[in-house]
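What follows is one structure encoded as structure tokens, with my remarks underneath.
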Amino acid sequence: MNLFSGIIYNFKGLWLGIRTPRLLLLGFLRFAVVAILTVAVSGLILAKHADILALLWQQPESPWIVWAWHLASWLLTLLLMGISAVAAYLMAQLLFAVFIMDLMSRITERMLTGQVTATPNAPIIAQMGFLVRQELPRNVIPVLLTLIIMALGWLTPLGPVLTVVGPIVAAIFLAWDNTDLIPARNFQPFGKRFKALGRALPFHLGFGLPFLIPVLNLLFLSFAPVGATLYHLDREKKRRHEQRAKCPYSNPMPVKR
18 MNLFSGIIYN FKGLWLGIRT PRLLLLGFLR FAVVAILTVA VSGLILAKHA DILALLWQQP
78 ESPWIVWAWH LASWLLTLLL MGISAVAAYL MAQLLFAVFI MDLMSRITER MLTGQVTATP
138 NAPIIAQMGF LVRQELPRNV IPVLLTLIIM ALGWLTPLGP VLTVVGPIVA AIFLAWDNTD
198 LIPARNFQPF GKRFKALGRA LPFHLGFGLP FLIPVLNLLF LSFAPVGATL YHLDREKKRR
258 HEQRAKCPYS NPMPVKR
């Protein structure tokens, strides 16, 4: 799986989600949750915009430098809007979206295979609780790390490099947040799942690139669990095929008596 495969699977998931009524409903429900929280958090932060700017820099009296104050005001507004969008996404993930994501993955898997992969004898409540706990190392920390990288890019001479690295890191981990649903549901250890991410970085970068498109990223994120499930099922099918190719006599035909 390469970078272009990741892009293709993201679009395949979006197309399947739009064509399937249940997935379409869940996808737009997740979209609505993120959008509502984004507007709410943005409104709260922007309402305090003047107070925050006043703490950082009082409006100068000199007309020669007041333009710099207005420029700083606009830059702060853009920064706060970005922070509010990230905060809303993280809140949606922890409080609500992870349940929708897993349900969309289960529906997709059942549509294509007729069954859902799950750990034997593990109640669904235990599975969902495990998925919620995985959001911290799998999503929250990487996103915060990305923000730190971008902030260092603004404050250090490595700005041009870090400004590019930050979004790339965010795209990879946002993709992994979706492709990791089925392995996490099966209670695979975090270290094993993280190593699997390291072996498929080009794919995850491609899968996550649409998440960097402003506005449209909310649409792609809403249906990303579908494409991630398609990727997981195809990968498992390929793995089983390779195992059968290595051991052609593992399942011999019964001999008629």
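What the sequence shown shows, in this note's numbering, is residues 18 to 274, in sequence order.
For each residue, glycine too, the CB sits at the ideal point set by N, CA and C.
Where does residue i fall in DSSP's three states?
{"i": "Q151", "result": "helix"}
{"i": "R252", "result": "helix"}
{"i": "F204", "result": "coil"}
{"i": "G131", "result": "coil"}
{"i": "P227", "result": "helix"}
{"i": "D275", "result": "Residue 275 lies beyond the residue range present for the chain, which begins at 18 and ends at 274; the question has no answer from this structure."}
{"i": "P140", "result": "coil"}
{"i": "T37", "result": "coil"}
{"i": "T174", "result": "It is Pro, not Thr, that sits at residue 174 in the sequence shown. DSSP places P174 in coil when its eight states are reduced to three."}
{"i": "N27", "result": "helix"}
{"i": "I82", "result": "coil"}
{"i": "N234", "result": "helix"}
{"i": "K263", "result": "helix"}
{"i": "K273", "result": "Legend: pLDDT at K273 = 47, less than 50; position of this residue unreliable, value from coordinates given subsequently. In this structure, K273 counts as coil in the three-state DSSP scheme."}
{"i": "K212", "result": "helix"}
{"i": "A245", "result": "helix"}
{"i": "A275", "result": "There is no way to answer for residue 275, as the model of the chain reaches only from 18 to 274."}
{"i": "A49", "result": "helix"}
{"i": "F21", "result": "helix"}
{"i": "A289", "result": "Past the edges of the chain, shown from 18 to 274, lies residue 289, and the structure says nothing about it."}
What's the C-alpha gap between residue i and residue j?
{"i": "V133", "j": "L218", "result": "26 Å"}
{"i": "M270", "j": "G146", "result": "Summary for M270: the model assigns pLDDT 47, below 50, so the residue's position carries little reliability; its value from the coordinates is reported in the next sentence. Taking the straight line from one Cα to the other gives about 43 Å."}
{"i": "L97", "j": "H258", "result": "50 Å"}
{"i": "W193", "j": "A213", "result": "10 Å"}
{"i": "Q151", "j": "W91", "result": "36 Å"}
{"i": "A241", "j": "N27", "result": "6 Å"}
{"i": "F204", "j": "R123", "result": "15 Å"}
{"i": "P227", "j": "V186", "result": "13 Å"}
{"i": "G215", "j": "W84", "result": "47 Å"}
{"i": "R256", "j": "V51", "result": "36 Å"}
{"i": "P140", "j": "L162", "result": "33 Å"}
{"i": "H221", "j": "R127", "result": "24 Å"}
{"i": "T37", "j": "R261", "result": "33 Å"}
{"i": "L235", "j": "V115", "result": "15 Å"}
{"i": "I62", "j": "P231", "result": "20 Å"}
{"i": "F237", "j": "W32", "result": "10 Å"}
{"i": "A64", "j": "V178", "result": "33 Å"}
{"i": "T125", "j": "V56", "result": "30 Å"}
{"i": "E253", "j": "L229", "result": "28 Å"}
Residue i: which of the options sits nearest, CA to CA?
{"i": "L95", "options": "G60, L46 and L153", "result": "G60"}
{"i": "L233", "options": "G223, I25 and F48", "result": "F48"}
{"i": "G244", "options": "G23, L20, D194 and G30", "result": "G30"}
{"i": "P200", "options": "R127, M108 and T246", "result": "T246"}
{"i": "I165", "options": "K212, G183 and F240", "result": "G183"}
{"i": "L129", "options": "R261, D251, Q260 and A262", "result": "D251"}
Confirm, please, whether the CB-CB distance from residue j to residue i is below 8 Å.
{"i": "M121", "j": "L172", "result": "no"}
{"i": "H249", "j": "T180", "result": "no"}
{"i": "D119", "j": "L198", "result": "yes"}
{"i": "G225", "j": "A168", "result": "no"}
{"i": "F207", "j": "P159", "result": "no"}
{"i": "G23", "j": "G34", "result": "no"}
{"i": "I117", "j": "L46", "result": "yes"}
{"i": "A105", "j": "V58", "result": "yes"}
{"i": "R202", "j": "L148", "result": "yes"}
{"i": "G223", "j": "L20", "result": "yes"}
Cβ-heavy atom distance between residue i and the ligand MN below 7 Å?
{"i": "G208", "result": "Judged by which ligands are present, the structure shown has none, so any question about the ligand MN falls away."}
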